[in-house]
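K.L.:
Read in order, the letters of the sequence shown are residues 4 to 374 in the numbering used here.
Below you will find the structure I want to go over with you.
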Amino acid sequence: MRINPVNTISFKRNINIIDAHTHDKPLEKMGSNASSFDVLKFMNKPFESNGDTFTVKKMFPSSLDACFYDELTGKPYLDESKGNEAVLKTFENTDVKEFLAVCQPKDGSVENIEKLFKNHPNKFIGLKFHPEGLKLEADSALYDPYLEFAKEHKIPCLFHSYNSKFYEHPKEHWTLDKSLYSRPEQIYTLAKRHPDVPFIMAHCGGTGDINVEEAVNTIITSAKKGDAKLYADLSWVSIDVKEDEPFMGDLINAIKKLKNSEAGDLTDRIMFGTDAPIDRFSKENAVESYRGYIKNIHKAIKENFGTDADDIADKIFFKNAKKVYFNKSLKQSKTLVGLAFLGIGALVGAGIYIVKNKDNICKNLKEIKLF
Ligand SMILES: [Zn+2]
4 MRINPVNTIS
14 FKRNINIIDA
24 HTHDKPLEKM
34 GSNASSFDVL
44 KFMNKPFESN
54 GDTFTVKKMF
64 PSSLDACFYD
74 ELTGKPYLDE
84 SKGNEAVLKT
94 FENTDVKEFL
104 AVCQPKDGSV
114 ENIEKLFKNH
124 PNKFIGLKFH
134 PEGLKLEADS
144 ALYDPYLEFA
154 KEHKIPCLFH
164 SYNSKFYEHP
174 KEHWTLDKSL
184 YSRPEQIYTL
194 AKRHPDVPFI
204 MAHCGGTGDI
214 NVEEAVNTII
224 TSAKKGDAKL
234 YADLSWVSID
244 VKEDEPFMGD
254 LINAIKKLKN
264 SEAGDLTDRI
274 MFGTDAPIDR
284 FSKENAVESY
294 RGYIKNIHKA
304 IKENFGTDAD
314 DIADKIFFKN
324 AKKVYFNKSL
334 KQSKTLVGLA
344 FLGIGALVGA
354 GIYIVKNKDN
364 ICKNLKEIKL
374 F
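Written out as structure tokens, the structure is:
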């Protein structure tokens with residue numbers, strides 16, 4: 004009988020995805036109403052690539068109107084209360100169940116966020132900050148009360164990050180114009196003041212190798228020193244330079260660097276995100292672009308990481324975001340361990356008490372029996 008060697012069998016895999024960075028609408032709709040369909044078209048619709056099945060199981064939208072100033076009024080398009088209420092309304096009775104609450108440290112107040120969490124329990128699983136859109140340096144003290152709130156509620160914070168802007172491809176033409184507000188080093192400064200709070204740098208420092216490297220190096224430095232909890236999402240990292248010419252080099256280099264860092268394997272620090280439905284994810288071929296991005300990332304991981312590829316893909320597409328945003332079991336297990344200790348303590352205490360007071364207890368028992 005001929006037996007196929009194991010390595011010739013190919014296993015089809017079901018790959019679940021969390022898109023940890025989405026919004027309620029594209030930029031074109033800034034200031035006008037959002038439609039849940041703008042992003043729902045990407046969710047819970049399994050598709051295949053090379054025999055594997057991919058399903059986007061969860062998305063965490065945040066209000067785009069609350070992230071940017073309206074140039075005409077000089078105020079955010081929507082304030083902290085209205086913006087976050089609006090995003091809940093948009094996704095009422097849909098499969099989107101979790102949201103990030105946009106915070107406006109310069110224009111709002113943490114009390115608005117406290118009220119929001121009170122009025123809508125279990126809806127917001129994290130806070131979202133846009134230092135660039137709301138023109139406030141990411142290391143400003145105005146963020147601190149919100150970070151205290153995040154610590155108290157054990158929720159992570161997503162920060163728009165961009166190290167420097169560039170204007171044109173190819174790379175030689177990029178203009179190194181450092182961001183005033185949202186550089187990884189500024190986010191790190193703030194994160195060090197709040198070392199218990201997970202900080203996710205959206206866009207991993209921004210598109211382009213210099214920017215991605217900057218964010219990755221910051222993550223590694225913080226992990227080495229153990230002075231902050233830094234993560235990054237993949238939105239706008241390795242975008243299609245041209246629609247038909249995907250460039251995955253920056254993403255792969257980032258994963259390699261994190262995997263072999265001086266602080267050990269840090270591939271749990273990076274998670275999938277898209278910023279959908281912004282830009283190409285609101286165009287006519289949005290679904291195709293979205294799926295293409297997932298397929299390209301998966302293909303590049305498969306091509307570069309051999310037997311580790313499946314593990315890395317699972318972490319980046321699903322497990323890392325799950326751990327950061329839904330670490331309830333971790334908290335629960337801590338509580339359970341605490342309760343178990345209390346239980347054991349109570350039993351030991353009771354045992355000592357029984358031994359010490361054996362005669363009295365027996366007497367009391369007898370007395371109870373008598374009555
Ligand atoms: Zn965004």
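Every residue gets a Cβ at the ideal spot worked out from N, C-alpha and C, and that includes glycine.
The model shown is predicted, which means the values in this text are computed figures rather than measured ones.
Once DSSP output is grouped into helix, strand and coil, what is the label at PHE374?
P.N.:
Its pLDDT being 27, under 50, PHE374 is placed unreliably in this model, and the value from its coordinates should be taken loosely. In the three-state reduction of the DSSP assignment, PHE374 falls in the coil class.
K.L.:
Check whether the Cβ of ILE281 sits closer than 8 Å to any heavy atom of ligand 1, and report yes or no.
P.N.:
yes
K.L.:
Confirm the yes/no value for this check: CB of CYS70, any heavy atom of ligand 1, distance under 8 Å.
P.N.:
yes
K.L.:
If we require 3 or more residues per run, which beta strand (DSSP E) segments fall completely within the segment 108-139?
P.N.:
127-132
K.L.:
Using only the heavy atoms of ligand 1, determine whether one of them is closer than 8 Å to the beta carbon of ASP22.
P.N.:
no
K.L.:
In the DSSP assignment, find the beta strand (DSSP E) that holds PHE162 and state where it starts and stops.
P.N.:
160-163
K.L.:
Between which residues of its own chain and ILE223 is the CB-CB distance below 8 Å, once the five residues before and five after are set aside?
P.N.:
LYS260, LEU261, SER264, GLU265, ALA266 and LEU269
K.L.:
Per DSSP, what kind of secondary structure is ASN17 in: helix, strand or coil?
P.N.:
strand
K.L.:
Under 9 Å between the Cβ atoms of PRO201 and VAL327?
P.N.:
Annotated as proximal: PRO201 and VAL327, with beta-carbon spacing under 9 Å.
K.L.:
Can you find at least 3 beta carbon pairs, one from the segment 62-79 and one from the segment 105-112, that sit closer than 8 Å?
P.N.:
Yes, since at least three Cβ pairs between the segment 62-79 and the segment 105-112 fall closer than 8 Å, the two stretches touch.
K.L.:
Assign GLY129 to buried or exposed, taking buried as 16 or more other Cβ atoms, counted over all protein chains shown, within 10 Å of its Cβ.
P.N.:
Buried is the call here.
K.L.:
If you count every other CB in all the chains shown that lies within 10 Å of the CB of ILE347, and 16 or more means buried, which is it?
P.N.:
With a pLDDT of only 48 at ILE347, under the threshold of 50, the placement of this residue in the model should not be trusted, and no figure is reported.
K.L.:
Whole angstroms are fine: how far does the CA of GLY252 sit from the CA of LYS138?
P.N.:
Approximately 31 Å between the Cα atoms of the pair.
K.L.:
How is VAL340 classed by DSSP in three states: helix, strand or coil?
P.N.:
Low confidence applies here, because VAL340 scores a pLDDT of 46, under 50, leaving its location unreliable; read the following figure in that light. VAL340 falls in the helix class under three-state DSSP.
K.L.:
Is HIS156 near ligand 1, with its Cβ less than 8 Å from a heavy atom?
P.N.:
no
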